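Our numbering numbers the first residue of the sequence shown as 134 and each following residue consecutively. One structure is given below, encoded as structure tokens.
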Amino acid sequence: MTTAAAPTDGRTFRRYDAGLGDGPYADRCRTDQYDAVVAGGGPAGAAAALTLARAGRTVLLADAGSGPPKTGESLVPAARLLLHDLGVDIRSLDADHRPCRATLSAWGSPHLHRTDFITDPYGHGWHLDRPAFDRLLRAAVRAHRAEVAERATVTHPAPHHGGGWQVTVCADGTARPVRCRWLVDATGRRAALATRCGARRHRYDRLVAVHLRLTAGPADTEGASLVESAPDGWWYTAPHNPAHRLVTYFTDTDLAPPGLGHTRTYLDRLAATRHTARLAIGRSPLAGTAPRRSAAHTARLEPLAGEGWIAAGDAAIAFDPLSSQGILTALYSGLCAGQAIDARLRGEADALDGYAERLGETFDAYRYGHRQIHIGEERWRSRPFWQRRRSPEGPGLLAHRGANDLPR
Ligand SMILES: Cc1cc2nc3c(=O)[nH]c(=O)nc-3n(C[C@H](O)[C@H](O)[C@H](O)COP(=O)(O)OP(=O)(O)OC[C@H]3O[C@@H](n4cnc5c(N)ncnc54)[C@H](O)[C@@H]3O)c2cc1C
């Protein structure tokens, strides 16, 4: 294993060109010191690692592979621009992911409204195969000679007496101590490392997603996603891949009907919808599957960065999936986080302030738009789900609770 002393000026740690061969993870590592360790290999982590590697910094990107189920997500057309800026070859997006050409919505009225992306200056979006999308981004990180460790968890961040951080990277049953000057928390909604560096997660609501995968049918050729509001939440459905369609019900944890985790109860609820049921008709749950839950609340970290660490993606600001902006914002914040670290390494003292300001503005704009959209649904204005989101204060800050307080 090669090591280099931690430079105290703007120089980077020595760069290591050897490729990762086969064998146990610890034997394959090029070094145990990096300019940055990025924890989390989703879009935010990959964007941060790419930005730093392209700036000539030494980077370890470690992904635990433990993320929430990522099915049926769509990527908005504007992502084209960010991916281009990150140097990702977007041709493979078109090759490996189904185009999303329109969104259908029954929101504020029982009638279906169609928005075609043909009017969007960036073209169509995509129904993502999320694991394939994450692999595409991580391949781009590798192509810029950064180290990528799969199924590797970053734990125990602690300030190093010589400056920077020491973390433990656990993979293949081994725990490897690693030193870095900057730590990027891109671990998703749990913000696993930033919360250990003293930051607090603020939750703004109790939104939960309960999803079920159905077998495919003829209408899946259309390539549109659909949103339909309901008295206590809203439904979403999209063709996921040629093999199935995803249906998701979003509601607050305290408003979820008992037994929603059981397929029968779930299908009964689904049958009561007007448009989502039409697309689900004639399909059955994929063999061996049942409704699965995942956290979908709005959240923000405070602060977003500190000396030697920075949070990006859902770890920093997490949006209601209704916005369809989660992946775009993860890419954007990852890019900005990488730029802020590189600027700090070049001696720009206020780079972190600029980062916090940009993300703060993004979050405020999201919160404004979120309220306006919910005000647009008048039919159930007196129901708690809609009341909470229409009030000028929004659903309000909730005391920090684990992401697991979901309905049974
Ligand atoms: C139900 C639902 C539907 C959604 N639909 C959409 C949609 O249609 N369009 C959209 O744009 N967004 C959507 N989103 C939001 C989107 O999924 C997220 O915003 C996006 O994945 C955030 O990316 P990220 O990189 O911050 O985190 P993640 O994608 O969550 O990645 C975090 C990664 O960190 C890893 N990790 C965790 N802890 C550690 C650790 N200690 N060490 C190393 N690695 C670690 C995990 O394994 C994971 O791979 C949806 C979200 C939900 C809940």
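Glycine included, C-beta positions come from ideal geometry on N, C-alpha and C. Predicted, not measured: the structure shown is a model, and the values here were computed from it.
Cutoff 7 Å: Phe250 Cβ touching any chain B Cβ: The chain labelled as chain B is not found in the depicted structure, where only one protein chain is given.
Reference His430, options Arg479, Asp318, His335, Trp315, closest by Cα: His335
If you compare alpha carbons, which of Ala342, Cys313, Ala180 is closest to Ala273? Ala180
First through last residue of the alpha helix (DSSP H) which encompasses Ile508: 484-508
Cβ shell of Leu437 (< 6 Å), same chain only, five flanking positions each side left out: Ala444, Ala449, Ala489, Leu492
Where does the unbroken alpha helix (DSSP H) through Arg263 begin, and where does it stop? 263-276
Ile443 by DSSP, collapsed to three states: which one? strand
Looking at the secondary structure, which residues open and close the beta strand (DSSP E) in which Leu347 lies? 340-348
Since I believe Leu219 is in contact with Leu468 (beta carbons under 8 Å), could you give me their beta-carbon distance rounded to a whole number of angstroms? 6 Å
Which of the three DSSP states, helix, strand or coil, is assigned to Phe452? coil
May I have the straight-line CA-CA distance separating Val311 from Val302, to the nearest angstrom? 7 Å
Between the Cα of Ala195 and the Cα atoms of Gly174, Gly471, Phe518, Ile508, which residue gives the shortest distance? Gly174
Would you mind stating whether Cys313 and Gly439 have Cβ atoms separated by less than 7 Å? no
Per the contact definition of three or more C-beta pairs closer than 8 Å, is the stretch 420-427 in contact with the stretch 390-403? yes
Rounded straight-line distance, which links the Cα of Trp367 to that of Trp513: 12 Å
Pairing CB atoms from the stretch 239-248 with CB atoms from the stretch 399-408, are three or more of them under 8 Å? yes
How long is the line joining the alpha carbons of Phe383 and His293, rounded to whole angstroms? 43 Å
Roughly how many angstroms separate the alpha carbons of Leu261 and Arg521, rounded to a whole number? 31 Å
Return yes when the Cβ of Leu316 is within less than 7 Å of the Cβ of Val170, no when it is not. yes
Measure from the alpha carbon of His246 to the alpha carbon of each residue in Ser358, Ala410, Gly487, then state which is nearest. Ser358
Nearest to Thr386 (by Cα), restricted to the options Pro454, Ala327, His217, Ala342: Ala342
Quick check: does the Cβ of Thr286 come within less than 6 Å of any heavy atom belonging to ligand 1? yes
So, are the CB atoms of Gly258 and Leu208 less than 7 Å apart? yes
Below 6 Å, is the gap between the Cβ of Gly175 and the nearest heavy atom of ligand 1? yes
Return the bridge partner residues of Ser358 from the DSSP annotation. Thr236
Taking 6 Å as the cut-off, is the CB of Glu206 close to at least one heavy atom of ligand 1? yes
Does the stretch 500-514 come close enough to the stretch 451-463 that 3 or more CB-CB pairs lie under 8 Å? yes
Fully enclosed by the stretch 389-443, which alpha helix (DSSP H) runs are 4 residues long or longer? 396-404, 409-413
Look at the Cβ atom of Ala265, then the Cβ atom of Gly446, and state whether they are nearer than 7 Å. no
Can you tell me whether Ser417 is buried or exposed? The criterion is at least 16 other CB atoms within 10 Å of its CB, across all chains shown. exposed
Would you tell me roughly how many angstroms separate the C-alpha atoms of Arg333 and Leu388, rounded to the nearest one? 26 Å
Just to check, is the beta-carbon of Asp453 closer than 6 Å to a non-hydrogen atom of ligand 1? no
Just to check my reading of the structure: Leu347 and Arg378 have Cβ atoms closer than 8 Å, yes? What is that Cβ distance to the nearest angstrom? 5 Å
Does the distance from the CB of Leu434 to the CB of Ala324 come in under 7 Å? yes
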